[in-house]
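Student:
Number of protein chains: 2
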Amino acid sequence: MNYPSEFSLIDRCFRPLAGDGALDLADDAAVLTPPQGRELVIAADALVETVHFLPDDPAGSVGRKLLRTNLSDLAAMGAVPLGYLMTVAVPKERGEAWLQDFAEGLAADQREFGLSLLGGDTVSTPGPISLSLTVLGHVAPSAALRRSGGRPGHDLWVSGTVGDGILGLRARRGAIGDEDGYLTSRYRLPQPRLMLGQSLVGFAACAMDVSDGLVQDLGHICRASGCGAEIFSGSIPLSLPAKEWLRTKPGGLIELLAGGDDYELLFSAPAEAAVEIQHRAKACDTLVTRIGRLVSGEMRVSLVDIFGNPMPVQAGGWSHF
Amino acid sequence: MNYPSEFSLIDRCFRPLAGDGALDLADDAAVLTPPQGRELVIAADALVETVHFLPDDPAGSVGRKLLRTNLSDLAAMGAVPLGYLMTVAVPKERGEAWLQDFAEGLAADQREFGLSLLGGDTVSTPGPISLSLTVLGHVAPSAALRRSGGRPGHDLWVSGTVGDGILGLRARRGAIGDEDGYLTSRYRLPQPRLMLGQSLVGFAACAMDVSDGLVQDLGHICRASGCGAEIFSGSIPLSLPAKEWLRTKPGGLIELLAGGDDYELLFSAPAEAAVEIQHRAKACDTLVTRIGRLVSGEMRVSLVDIFGNPMPVQAGGWSHF
C-alpha cells in the first residue's frame, strides 16, 4: 500500500516533537486532560515569510521564533506552557530540508520551555512560507494577568531592554552594523519572559507583551484600563548597542519606542509592590525597570522629559493594515 | 491617540464573533474553564488559496469551509465543539471587504454549530491568503473515537456520499457540468457530521474523517488498527450527479474513491452493532452505508467486485508533498 509522501514527511519531521495527548499525530485530533483545578490560557500567532522573518533566516530560528512569540503571550498572562498545535504552509521546493531544520529548532525550544507538539497540519503553498501556532497553557482560576487591571498611580514596568527588535531587523537588512550579532539575535530569538510572568501573578495589576512597539502596546493597556500613561524618557532600559545607535541618531528614542519584535513584558503595579517585584524579577534573573506611571484623565501615552515636561506621542507602532 | 488600523479592522470584523473566554479579543490570550470531568479534543487545519480554495470562491464560504474542515475532525473523534482560534494572513489589497464577508460566513456557522471565536491573529501577506484554525471540543474521559480501534471482521461504514468533493472541484474548474450547483456546494461547504460522530461514541470501534480520499484515509485506519480492509465496489454511496458522471466515465469509481474534500465519517463496528448504528444515524438524519469490512492479514485496502474478486488498489489520494 502506498504511504503518501506527505505523511512520511510528517513522520520524519514532526512525530519526534509529539508529546502526551498528541496520539502520535496519527488521529484526527489530540486528546488532552486539562490540569485539574486550573484554567486554560490559549493564544494563536502567525508568522509570514518576508513579513515576520526573512527568506534567509535559518529555518531553525524561524521555528523557535514562532514558538517563542506565542510563549510570550502566555508569559503576559502569567501562564505555564502545556502544549501547542501548529500549521505549516511551505512551498514544495523548500520541502523537507527546510522542515527538518525548522523542527530541530522547535525540538530545542520544547526542551527549554517544557512543552510538546499536540497536532497540526502540513500543507503546500505557492506563496511565502506561512506559519501558525496555537499555544495552550494554564493558570490558577481567575489568576491570569489582564491588560485591564491598570489604575492611575500605578508604576509602569518593562522587562529586559527596549528597541533591540527593530534595530535587529535593520541590522538584518544591512542598514546598521551588528558586529557581535547581538541585535540580530534579539530580532530572531525573542526571550519569552515565562518565569517572570508566572512570578508576577498576584503582584502585577496588569500585563501584556510588547510585540508591536512599546508606545502602541501601552495604548492598549490605557484603553483596557481606562487611564493614561506617562513614560519617563530618561528611564527606558536600552542595550549597549541600542545606546550606541542612539548616539548617532539624536531623537531616535521614539523609533525604539515604536519598533516591534521586542517581546518584553509591560506591566503595572501599585507603588508598594515595587520591592517585591524587584525581588521576584531578580529570582528569575530578569531585568525589570520602572519606566513611568499610569495617570488619570485621557487615555493617551505621553513621554515625560528630564525636566518633567510631558510631550504627547503620536508615533504608533506596527500595524498590518 | 492613534488607534492602529489593524486593531479597528479586528474590532469591526472579528470582535462580533468573540464568545466567552475570548476577553473581547483585547488580551494576549483567551482564558477558558474546561468543562468539568471532560477531556479536551483539539485539532488544527490550514487552508491556502489556490491549494484548498479558489481565488473567486466567495469569502463567506471560505470561512465556513475553514471552520467546517476542523469541525469534521471533532466529529471524527465524537467530540462536542467548544470554541476556536484562528490566524488569517491576507494581502493588504484584499483587506477589509474580503475579511467582512469571511467573518459573516463564520458568524452563520458559529450559530449553526454552537461555538465561538476565542482568539487569533490577523496579519498581512504578499502571497496567497493563508488561513489556519484550531478548534477545541470535549468528550467524556476515554470516549474519543480513534483510528486504532478497528478489528478484522468489523463492518466498514461511511456517512453521506463519496466523491462529490473531487467532482465539485472539477465543476469549479469548468471541467464538468454542474447545472444545479450541487457538486460545487459539496466542494465549498462540507457537512461536518458532528451529531453522527457524537452518537457513535460507544458503538463505533474506530473512526476518522475522509478528507484526502477514501482509499488513502482507509489506509490510515488499516495502519493504526493493524489490519486490512475490503471495500465492496458495488456498495459505495454515490450522489445522483456522481452516478451520472460515472455513466460517462467507465472505471471512474477509483477516481471518486481517491478524491479528497468529502469530509464524511469513515468508521468500523462489530456486525452486531449494525442495527443500532442505522438507528442512530437515522436519528441524526444522516445516511450511513456499509461499504466493506476489515480483514486480517496485510495492512492494505482492496476493492472487491460484484463477483467477490478482490483487486489491490494502488491509487492513493491527496498528498501535499
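If you read the sequences in order, they're chains H and C. Following numbering that gives the first Met the number 0, the numbering of the first sequence begins with 0 at its first residue and continues without gaps. Following numbering that gives the first Met the number 0, the numbering of the second sequence begins with 0 at its first residue and continues without gaps. Heads up, the beta-carbon is just placed ideally off N, CA and C, and yes, glycines get one too.
Excluding sequence positions up to five away, which residues of its chain have a Cβ less than 7 Å from the Cβ of C/M0?
Tutor: At C/M0 the pLDDT is 45, less than 50, meaning the model places this residue with poor confidence; the figure from the coordinates comes in the next sentence. Contacts found: none.
Student: List the whole-angstrom C-beta distance separating H/H137 from H/R279, where the pair is believed to meet the contact cut-off of C-beta under 8 Å.
Tutor: Not confirmed; about 20 Å, so no contact.
Student: Of all Cβ atoms in chain H, is any one closer than 8 Å to the Cβ of C/K91?
Tutor: Yes, contact with chain H.
Student: For H/H137, which three-state DSSP category applies?
Tutor: Here H/H137 sits in strand by DSSP.
Student: When the cut-off is 8 Å and only beta carbons count, does H/S4 lie next to chain C?
Tutor: Taking Cβ atoms only, chain C reaches closer than 8 Å to H/S4, which makes this a yes.
Student: DSSP three-state label for H/E103, please.
Tutor: DSSP places H/E103 in helix when its eight states are reduced to three.
Student: For C/L302, collect the residues of the same chain with a Cβ closer than 6 Å to its Cβ; drop the 5 residues on either side in sequence, then sort them by chain order.
Tutor: Within the same chain, C/L302 has close Cβ partners I230, S232, M310 and V312.
Student: Is there a Cβ from chain C that is less than 8 Å from the Cβ of H/E263?
Tutor: No, because no Cβ of chain C sits closer than 8 Å to the Cβ of H/E263.
Student: Is the separation between the beta-carbon of C/L31 and that of H/L39 shorter than 8 Å?
Tutor: Going by C-beta atoms, C/L31 is nearer than 8 Å to H/L39.
Student: Output needed in chain order: residues of the region 33–49 of chain H with a Cβ under 7 Å from some Cβ in chain C.
Tutor: Those would be P33, E38, L39, V40, I41, A42, A43, D44, A45, V47 and T49, in chain order.
Student: Which residues, in chain order, does the region 108–128 of chain H contribute to contact with chain C at a C-beta distance below 7 Å?
Tutor: Correct list: L117, G118, G119, D120, T121, V122, S123, T124, P125, G126 and P127.
Student: Using a Cβ-Cβ distance cut-off of 8 Å, determine whether H/L84 contacts chain C.
Tutor: Yes, H/L84 counts as interfacial toward chain C.
Student: Check whether the region 57–70 of chain H touches the region 139–159 of chain H, counting contact only when three or more Cβ pairs, one atom from each stretch, lie closer than 8 Å.
Tutor: No, the region 57–70 of chain H is not in contact with the region 139–159 of chain H.
Student: For a test of the three-state rule: what should DSSP assign to H/M0, helix, strand or coil?
Tutor: Low local confidence applies: a pLDDT of 46 at H/M0 is under 50, so the model's placement there is unreliable, with the coordinate-based value given in what follows. Three-state result, H/M0: coil.
Student: Please go through the region 31–109 of chain H and give each complete alpha helix (DSSP H) segment of 4 or more residues, from N-terminal end onward.
Tutor: Runs found: 58–76.
Student: Quick check for students: name the residue ranges of the alpha helix (DSSP H) that lie wholly in the region 196–260 of chain H, counting only runs of 4 or more.
Tutor: The qualifying runs are 213–224, 239–246 and 252–257.
Student: In the DSSP output, which residue or residues are listed as bridge partners for C/V161?
Tutor: Its beta-bridge partners do not exist; DSSP assigns none.
Student: Quick check on H/P15: does DSSP put it in helix, strand or coil?
Tutor: Three-state result, H/P15: helix.
Student: Please list, in chain order, the residues of the region 149–180 of chain H that have any C-beta partner in chain C closer than 8 Å.
Tutor: Going along the region 149–180 of chain H in chain order, one finds no residue with a Cβ nearer than 8 Å to chain C.
Student: Give a yes or no on whether the C-beta atoms belonging to C/I175 and C/G258 are separated by under 8 Å.
Tutor: No, the pair does not count as a contact, with Cβ atoms beyond the cut-off.
Student: State yes or no: is the C-beta of H/R185 within less than 8 Å of the C-beta of H/E263?
Tutor: Contact: no.
Student: Comparing the CB of C/R279 with every heavy atom of the ligand FMN, is any distance shorter than 7 Å?
Tutor: Among the components modelled here there is no ligand, and therefore nothing to report on the ligand FMN.
Student: Give the range of the alpha helix (DSSP H) segment to which H/L116 is assigned.
Tutor: From DSSP, H/L116 is part of no alpha helix (DSSP H) but of the beta strand (DSSP E) over S115 to S123.
Student: By Cβ distance, which residues of its chain are closer than 8 Å to C/D304, with the 5 residues on each side in sequence left out?
Tutor: Cβ within range, chain order: S232, G233 and M310.
Student: To the nearest angstrom, report how far apart C/L8 and H/S131 are at their CA atoms.
Tutor: So the alpha carbons of these two residues sit roughly 20 Å apart.
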